[in-house]
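Number of protein chains: 2
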Amino acid sequence: MNFIQQRIIRDGTVKAGGILITDSFLNHQVDIALTDQIGQEFHRRFASCPITRVLTMETSGIAIGYSVAQKFGVPLVYAKKDSSIKLDGDVYAAEVACCPGEEPQQVIVSKKFLTPQDRVLIVDDILANGFSLQCLISLVEAAGATVEGLGIVVEKGFLEGGHRMRNLGYRLESLAIIDAMDADTNQIHFRDPENH
Amino acid sequence: MNFIQQRIIRDGTVKAGGILITDSFLNHQVDIALTDQIGQEFHRRFASCPITRVLTMETSGIAIGYSVAQKFGVPLVYAKKDSSIKLDGDVYAAEVACCPGEEPQQVIVSKKFLTPQDRVLIVDDILANGFSLQCLISLVEAAGATVEGLGIVVEKGFLEGGHRMRNLGYRLESLAIIDAMDADTNQIHFRDPENH
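Residue numbers (the numbering used here), protein chains in the order written: chain S, 1 to 196; chain P, 1001 to 1196.
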């Protein structure tokens, strides 16, 4: 098991409905040493890509995005869900729904921070149905920029998101892919990294 | 001028109504080198405090909080505004309004991540009326933990928040305090650091 799988086994909690609680290290309390290691690992995996910006979605992608951007020595940009936010100038906009059937929410990125010359690494904490990634990809494409890759900490392999992204031809690197998990026993089954 | 004041002068934009746009380096695109320097500076200013956790408010405090927590070698915790979020167990809750007259919003922190033994450094990007800081302070106090200090990147000194926090006896360190700014000329007047 790699360092993320080990941490999920140690500190993750499975809840009914395919929910994995990672709030003690990933997305409420942030373990800085772990997040630093996440940044290193994505830097290693995408070392050959000429990344110019790291893009993520607020809120839970920001700490990971910070770490990854730090390793690449490039700026972090986070897409914003709050349309009341104070931005200067024009924006690219896309819509995202957290769950099927939910009312979509507008997400924006200022046009100043995504240009046609940009080669973007998109990162996020969790990949489930892929709606958030699709939204981020559409923002990059609206800017005429290039998606170099997608970096995910925990992919729920029992949902469609990862499959769809790979079918669309994107290079998706997930540090842990969960194929099944059981809320009664708290057991988690990871996919073999050779078998994506 | 210190490094934050210089950056505000270079890249900040003043808008009517006391609005300062810092989205190119602080809270939409994040300049990692600058944010790293912010972390170093807060670490220097609070070096004598036995900080055990850094606390901030989602969203725009997270990158700064990450940098500060990295320098202190402690976890970052960010208070969450989204009550639909997946957390495990009980929470401390407080209410915050962004602006006077606005409907207050509930903010929560899991009880797992603030304990009576904690000595907390609260950080945020902007201090205006202080509602966000008051909310974070009340979460720390609800946990029986100790507020060691408040670290702010940009304080709007022409509003009441900073004055109120200092009057309440908190140690507030603002890297830049703006006493006045003019949307027509984009001029910004900083307070002398000796004159807080």
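Ideal placement from N, C-alpha and C gives every residue a C-beta, glycine not left out.
When rounded, the separation of the alpha-carbon atoms in G1162 of chain P and T56 of chain S is 32 Å.
When secondary structure is reduced to three states using DSSP, S1132 of chain P falls in the helix class. Secondary structure within the stretch 32-84 of chain S: the beta strand (DSSP E) runs of 3 or more consecutive residues, fully enclosed, are 53-57, 76-79 (chain order). Note on geometry: alpha-carbon atoms of F46 of chain S and I4 of chain S lie some 18 Å from one another. Within the same chain, and ignoring the five residues on either side of Y1066 of chain P in sequence, the residues whose Cβ sits closer than 6 Å to its Cβ are L1076. Residues of the stretch 8-33 of chain S with a C-beta atom less than 7 Å from some C-beta of chain P are T13, I19, I21, D23, S24, H28, Q29, V30, D31, I32, listed in chain order. In the assembly as shown, T1035 of chain P is a buried residue. Its beta-carbon has 16 or more other beta-carbons within 10 Å.
CA-CA distance, V1153 of chain P to S1024 of chain P, rounds to 15 Å. Taking 8 Å as the threshold, the shortest C-beta distance from L136 of chain S to chain P does not fall below it. Neighbourhood of P1075 of chain P in chain S, by CB distance below 8 Å: Q29, V30, D31, I32, in chain order. CA-to-CA, the gap between K1156 of chain P and Q1134 of chain P works out to about 16 Å. Burial state of K1015 of chain P is exposed, judged by a 10 Å Cβ sphere holding fewer than 16 other Cβ atoms. In terms of beta-carbon proximity, I1062 of chain P lines the interface with chain S, with at least one pair separated by less than 8 Å. The C-beta of Y1170 of chain P comes no closer than 8 Å to any C-beta of chain S. Beta-bridge analysis with DSSP links K112 of chain S to no other residue. Within chain P, the residues whose beta carbon sits less than 7 Å from that of K80 of chain S are H1028, listed in sequence order. For E160 of chain S, the closest alpha carbon among the candidates S:T146, S:I137, S:Q37, S:L127 is that of S:L127. The beta carbon of V1068 of chain P sits closer than 6 Å to those of G1039, F1042, V1054, V1123, all from its chain and outside the five residues before and after it, given in chain order.
Contact between S1132 of chain P and V1096 of chain P is confirmed by a C-beta separation of about 6 Å, below the 8 Å threshold.
DSSP, reduced to helix, strand and coil, places Q1006 of chain P within a helical segment of the structure shown.
Here the alpha carbon of Y92 of chain S sits roughly 10 Å from the alpha carbon of Q106 of chain S. L1136 of chain P is positioned such that its CB atom lies no closer than 8 Å to that of L1172 of chain P. A1069 of chain P belongs to the set of residues whose beta carbon lies under 8 Å from a beta carbon in chain S. Straight through space, the alpha carbons of G1101 of chain P and P1193 of chain P are spaced by roughly 32 Å. For R119 of chain S, the three-state secondary structure derived from DSSP is strand. Using a Cβ-Cβ cut-off of 8 Å, T1052 of chain P does not count as an interface residue toward chain S, since no Cβ of chain S sits closer than that to its own. Of all alpha-carbon atoms in S:R166, S:D125, S:G130, S:K111, the one lying nearest the alpha-carbon of L139 of chain S is that of S:K111.
Distances from the CA of R119 of chain S to each of S:P50, S:L20, S:T22, S:I9 were compared; the closest alpha carbon is that of S:P50.
Closer than 7 Å at the C-beta level to chain S, one finds these residues of the stretch 1105-1137 of chain P: S1110, K1112, F1113. Around the beta carbon of A1033 of chain P, a 10 Å sphere encloses fewer than 16 other beta carbons of the protein chains shown; the residue is thus reported as exposed. Contact annotation for E1058 of chain P against chain S: T59 [CB-CB distance below 7 Å, chain order]. T13 of chain S is bridged by DSSP to S:I21. Excluding five sequence positions before and after A143 of chain S, the CB atoms of its chain that fall closer than 8 Å to its own CB belong to Y92, V109, K111, L114, T115, P116, D118, given in chain order.
Distance between A180 of chain S and D90 of chain S, taken at the CA atoms: about 43 Å. For the C-beta of Y1092 of chain P, not a single chain S residue is nearer than 8 Å; the gap to the nearest is close to 12 Å. Among the bridge pairs identified by DSSP, T146 of chain S is matched with S:R119.
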